[in-house]
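Residue numbers (this note's numbering), protein chains in the order written: chain L, 1 to 176; chain F, 1 to 176. Notes follow once the structure below has been shown.
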């Protein structure tokens, strides 16, 4: 089952760190790729590409113009779209159903301004707590629940750098 | 059992959004307070205070000078300190033990530059995946695991704003 992330409305510079964190969380927690709208940011794209080259896997970042047509096409193609929002249904009530459906998942995550039209265009509006916090936090817990923690031991193919977990200190294995 | 977060080395402006997200995740996922070092940032402190006034609870943010003396005092007082780092032991292997101990928890989360000395000063170095991603993602999944998902339905006392979860759209109840 493919899992892609849709980041809506990236703003150059202003959202830099948050969007980078969001993309890295998407990769680390087992999503296949990120699609983003808003201003194109080659700096972030390069950063994520370098991380993937060093740390492995085949994670991809793609910039597109319209989130709306992406959402529509995804659903027309048989996939389902989950929008993470503090106003949605509690994740603990709906994750079982979302997990059980084998439809490919597009997980939409807004930034500062998400157009109100999105609520009706998606299959699910899901809240990771109904409190204001962070799209980075929401996405990480959502993926962690979707994959039931299996993502924590995911191995990344062709990694040049691999961490050997330690109780104290740092140990990184370099492969050439 | 008290759970506090220790954010090390905040940099004014540069870390603004990330630190704000981190503090909001700490609050939303059930921590009692945040202690932070680095540059004091009254803007963020005010922002978190306003959120707590509107959305309830008794979450606190405190700036301190030395993370080292805080870590030492916490342990001398019988509490345990958990440092979140990609180099640490996998969370899935250690969270059971951490959860089972009733010692008060201080969860240390670094920023760009965490001094190497921290690894030996804490009880646990814990990795939420051994991949580079985000301290915001790491903290949210750590707290979610620590509280076993119960934090998702936590209610916040004296909230002026309460969201009524909806499958489509937004609904906020205002209390006066």
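Virtual Cβ for every residue (Gly too), placed ideally from N, Cα, C. Quantities reported herein were computed from a predicted structural model and do not represent experimental measurements.
Taking the Cβ atoms as the reference, residue 134 (chain F) lies roughly 21 Å from residue 83 (chain L), outside the contact range of under 8 Å.
Listed along the chain, the chain F residues whose CB falls inside 7 Å of the CB of residue 17 (chain L) are 17, 18. Closest in C-alpha terms to residue 74 (chain F), from the list F:127, F:2, F:173, comes F:2. The CB of residue 87 (chain F) comes closer than 9 Å to the CB of 163, 164, 165, 166, 169, 170, 171, 172 in chain L, given here in chain order. When the beta-carbon positions are compared, residue 19 (chain L) and residue 44 (chain L) come within less than 8 Å of each other.
In the three-state reduction of the DSSP assignment, residue 108 (chain F) falls in the strand class. In the displayed model, residue 133 (chain F) falls within coil according to three-state DSSP, outside both helix and strand. In chain L, no part has a C-beta under 7 Å from the C-beta of residue 38 (chain F); the shortest such distance is about 15 Å. If you draw a straight line from the Cα of residue 127 (chain L) to the Cα of residue 107 (chain L), it comes to about 12 Å.
At a cut-off of 8 Å between C-beta atoms, residue 21 (chain F) counts as an interface residue with respect to chain L. Contact between residue 80 (chain F) and residue 105 (chain F) holds: their C-beta atoms lie close to 6 Å from each other, under 8 Å. Closer than 8 Å to the CB of residue 136 (chain F) there is at least one CB belonging to chain L. Within the same chain, Cβ atoms closer than 8 Å to the Cβ of residue 148 (chain L) are found at 99, the five residues on either side in sequence being excluded. Beta-bridge annotation (DSSP): residue 33 (chain L) is paired with L:4, L:60.
Against residue 55 (chain L), the close residues of chain F are 131, 132, in the order they occur along the chain (beta-carbon pairs closer than 7 Å).
A direct Cα-to-Cα measurement between residue 160 (chain F) and residue 71 (chain F) gives close to 35 Å.
Counted as a single uninterrupted DSSP element, the stretch harbouring residue 159 (chain L) is not any alpha helix (DSSP H), since DSSP gives it neither H nor E. For residue 94 (chain L), the uninterrupted alpha helix (DSSP H) segment begins and ends at 91 to 100. The contact set of residue 92 (chain F) on chain L, defined by CB atoms closer than 9 Å, consists of 149, 152, 153 in chain order.
Less than 8 Å separates the beta-carbon of residue 35 (chain L) from that of residue 6 (chain L).
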